[in-house]
């Protein structure tokens, strides 16, 4: 058995984008309601027609710095306490009504805290109609003569409109009239006294630029959003007194144009302002309101009154509506009265009122969040998801912010000091909303029929009626006066009663009357034929004109088609070039990124190479320094040991010589004793060393030569005598000097190795040479010379002088024998020997 493959879920098409790139910011207006009492404290001041200023009331807790701030907020326009409802309508709602007549959508909502005058602004009061009744009145004043008959337009329950022919519309009207439950629309206006004075005839206004070649119909619906559920306020439900049923909530759906609508919502077709406002008032009585601490009639739900305007062009004859659903344009104006935000600490709400307040605040917070995300996406270029689905209010109107249309908000504020903190939050939200931009709505496409069809058809009917009236021709049954005039043109019939067989008067009179009537009839037939021929000629002429116009239109359509093809080809070429440009930009971007990566790697490697070269240079310099230091230490140690060995040898030699002298002295004394024994007669004499001693010859020390001051015989003492230029030759292996005295050669050419080019430009040459001294320190020699030109054209250097720079440690200098302790040959002086001999003689005498 072959299992049938499960079908994949079709991919959902993305929502349509605005067809144009032009955007307009959300229009935010501010209206200040009057204070309830004159002695009440005010916290709002109107600075100009676009700016208001908030003052912190007395007794409010100060900010962190202990000061009160006065903040100013700007709007598109500010309406003070003396502003009338008509002035507010002219600036705020009238442009939206003009847009709906021109097939453009609009959204108008009021926002503010509880008791700020939102419902009064939207609905109004007797004698002061609000934005809603004035909008309805302007719509019907503009499209009144061009309204289609009832049921010509019919909702399709999918947020669209269908067009019915005259027969189906007539059947629906008869069905409606036959129903007893639905009262007929009275021919005369029956005005409910509750809203009789909402609109005064003096304040009526009309829109400009209404398309006369279209038919219009107005549909209204009224819903409320209560505890985040949608309810239809116009739904007619049977009342069960035994077991009443609660109203059923509605759901939101998306139509084929990705616009949100309330499924199953009642849409009522209205033909006048009074009828529309009566429908609104019927739904208004079902709206949920309650008495709270802040407002006696506080709205506990968000109400949305939707005005749909369906319009379709007339056919080519200008008589009936074009039977094409694709040519039907539906525009809507949503008038939203948002429930006021409130704090439970002030209202002291409990139970269901607390739940209502929580849902109201939650929906308003969701609206604020959506506005914040929209502003962030538009200003920062991010693509964060806007949480429309978190609330029914934002979900219903998401197409106004993501699609196209015109959005306006009226911020209603109460200037009393008790609402200062809530008003401050409302001002911040309004200021943020002004930064959101909405796509500008586009104009509707042209149907292609000739303009002025309705007027031509009406003029043709009037002309035909006039000619038939002049000639007494047949007319429709709807004109009984013309028919009576035609009947009166015939002569009256005489009495037809015959008095007797000899009555010769009655029949001739009757025959004469009938003959007259026959003649009149013949004349009327002839006139009718003439009129028919004339009408036929007129119709033929009209047909020829129409044919020529159709040919012209066909020709223009052909040209337009060619232009469209050319335009399409150009668009395709532009798209191809744009794609190619984007591809090249993408490649350039990739190459740029690759180049940046390579450049970064190159810089890092170059930096690493430089660091390693510097480290190698430091290590080489340290190595050379250590080698020089070790060589100095070895040389110093060698010299030290050589001197120590020489000192020890000299000491040993001196010791041995002293021993020899002592032995010689003893031998001499023994010899003297022996000799004294032999010569007894001889008087003993004390041996004297000074007599027997032969004076030794000593080398005379040279007399000190007086030394004069040092003189530089090889150089001139004047610094201003030479303006020569030097070649400064410093090998790479040299170590930097730490001496106070540094070579200063201005305008010198520094080289690592001498070159003929450098020598040809200079007169002097100096070589910096470093070597290790005997004490292990580095000494620097500056070998100087003069540059001469040779006979062969080359350069030669003759060295003339050497300067030495050296550093020594004064503490570590080795102690040397003073010159006064040794003789010229390094031997001890004669005094030292004399002292030894004297001490020896004294020792022998003691023996």
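Numbering (the working numbering), first residue to last: 746 to 1592. Where a beta carbon is used, it is the ideal one built from N, C-alpha and C, also for glycine.
Residue i versus residue j - alpha carbon distance
i: residue 908; j: residue 844; result: 23 Å
i: residue 769; j: residue 1330; result: 30 Å
i: residue 1594; j: residue 1054; result: Lying outside 746 to 1592, the shown extent of the chain, residue 1594 is not represented and no answer is given.
i: residue 1273; j: residue 1209; result: 13 Å
i: residue 1363; j: residue 1481; result: 11 Å
i: residue 1338; j: residue 1332; result: 10 Å
i: residue 1464; j: residue 1389; result: Residue placement at residue 1464 cannot be trusted, given a pLDDT of 45 that sits under 50; what the coordinates show is reported in the next sentence. Going by the C-alpha atoms only, they are around 48 Å apart.
i: residue 989; j: residue 973; result: 22 Å
i: residue 859; j: residue 780; result: 14 Å
i: residue 1517; j: residue 1541; result: 29 Å
i: residue 1560; j: residue 1385; result: Annotation note: pLDDT 45 at residue 1560 (below 50); position unreliable, no value reported.
i: residue 1178; j: residue 1121; result: 11 Å
i: residue 1211; j: residue 906; result: 38 Å
i: residue 776; j: residue 824; result: 5 Å
i: residue 1508; j: residue 1391; result: 50 Å
i: residue 949; j: residue 1315; result: 49 Å
i: residue 1025; j: residue 1292; result: 50 Å
i: residue 1372; j: residue 1521; result: 10 Å
i: residue 1258; j: residue 884; result: 60 Å
Boundaries (first-last residue) of the alpha helix (DSSP H) holding residue i
i: residue 886; result: 876–888
i: residue 840; result: 839–846
i: residue 1021; result: 1018–1029
i: residue 1546; result: Segment 1540–1551 is the beta strand (DSSP E) holding residue 1546; no alpha helix (DSSP H) there.
i: residue 1593; result: The first residue shown for the chain is 746 and the last is 1592, placing residue 1593 beyond what the model contains.
i: residue 1514; result: Unbroken run through residue 1514 is the beta strand (DSSP E), 1509–1517; no alpha helix (DSSP H).
i: residue 1242; result: Taken as a continuous stretch (DSSP letters only), residue 1242 belongs to no alpha helix (DSSP H), as it is neither H nor E.
i: residue 913; result: 911–923
i: residue 959; result: Residue 959 -> not in any alpha helix (DSSP H); beta strand (DSSP E) instead, spanning 959–971.
With 16 other Cβ atoms within 10 Å as the buried cut-off, status of residue i
i: residue 1398; result: exposed
i: residue 1029; result: buried
i: residue 1538; result: exposed
i: residue 1547; result: exposed
i: residue 1565; result: Per-residue confidence for residue 1565 stands at a pLDDT of 46, beneath the threshold of 50, marking its modelled position as unreliable; no derived number is given.
i: residue 877; result: buried
i: residue 1510; result: buried
i: residue 787; result: exposed
i: residue 1498; result: exposed
i: residue 993; result: exposed
i: residue 1308; result: exposed
i: residue 976; result: buried
Reference residue i, options the options, closest by Cα
i: residue 1069; options: 869, 861, 992 and 1192; result: 1192
i: residue 1549; options: 1537, 1523 and 1340; result: 1523
i: residue 798; options: 820, 782 and 781; result: 820
i: residue 836; options: 1005, 1154 and 1421; result: 1154
i: residue 1525; options: 1515, 1519, 1532 and 1031; result: 1515
i: residue 1471; options: 1487, 863, 1418 and 1531; result: 1531
i: residue 1169; options: 818, 1535, 1201 and 1271; result: 818
i: residue 889; options: 846, 853 and 1081; result: 846
i: residue 831; options: 860, 872, 859 and 800; result: 872
i: residue 1102; options: 1082, 1045, 1064 and 1081; result: 1045
i: residue 1543; options: 1528, 1503 and 869; result: 1528
i: residue 1188; options: 1199, 1074 and 1261; result: 1074
i: residue 822; options: 1140, 1343, 1048 and 771; result: 771
i: residue 1008; options: 966, 1174 and 1022; result: 966
i: residue 1061; options: 1288, 864 and 1356; result: 1288
i: residue 1369; options: 795, 893, 1066 and 1478; result: 1478
Extent of the continuous beta strand (DSSP E) to which residue i belongs
i: residue 1523; result: 1523–1534
i: residue 850; result: Unbroken run through residue 850: none, as it is neither H nor E.
i: residue 1068; result: No beta strand (DSSP E) holds residue 1068; DSSP gives it neither H nor E.
i: residue 1474; result: 1471–1474
i: residue 1047; result: 1047–1058
i: residue 1176; result: Element bounds for residue 1176: not the beta strand (DSSP E) but the alpha helix (DSSP H), 1165–1178.
i: residue 867; result: Here residue 867 belongs to no beta strand (DSSP E); instead the alpha helix (DSSP H) covers 863–867.
i: residue 977; result: 974–977
i: residue 1127; result: Neither: residue 1127 is in no beta strand (DSSP E) and is coded neither H nor E.
Residue-level contact to chain C via CB, residue i, 8 Å cutoff
i: residue 1357; result: This model lacks chain C altogether, as it is built from one protein chain only.
So does the segment 1014–1021 actually touch the segment 955–972, counting three or more Cβ pairs closer than 8 Å?
yes
Taking 8 Å as the threshold, find out whether the segment 1293–1302 comes into contact with the segment 1276–1284 through three or more Cβ pairs.
no
Touching by the beta-carbon criterion (3+ pairs, under 8 Å), the segment 849–865 and the segment 1138–1154:
yes
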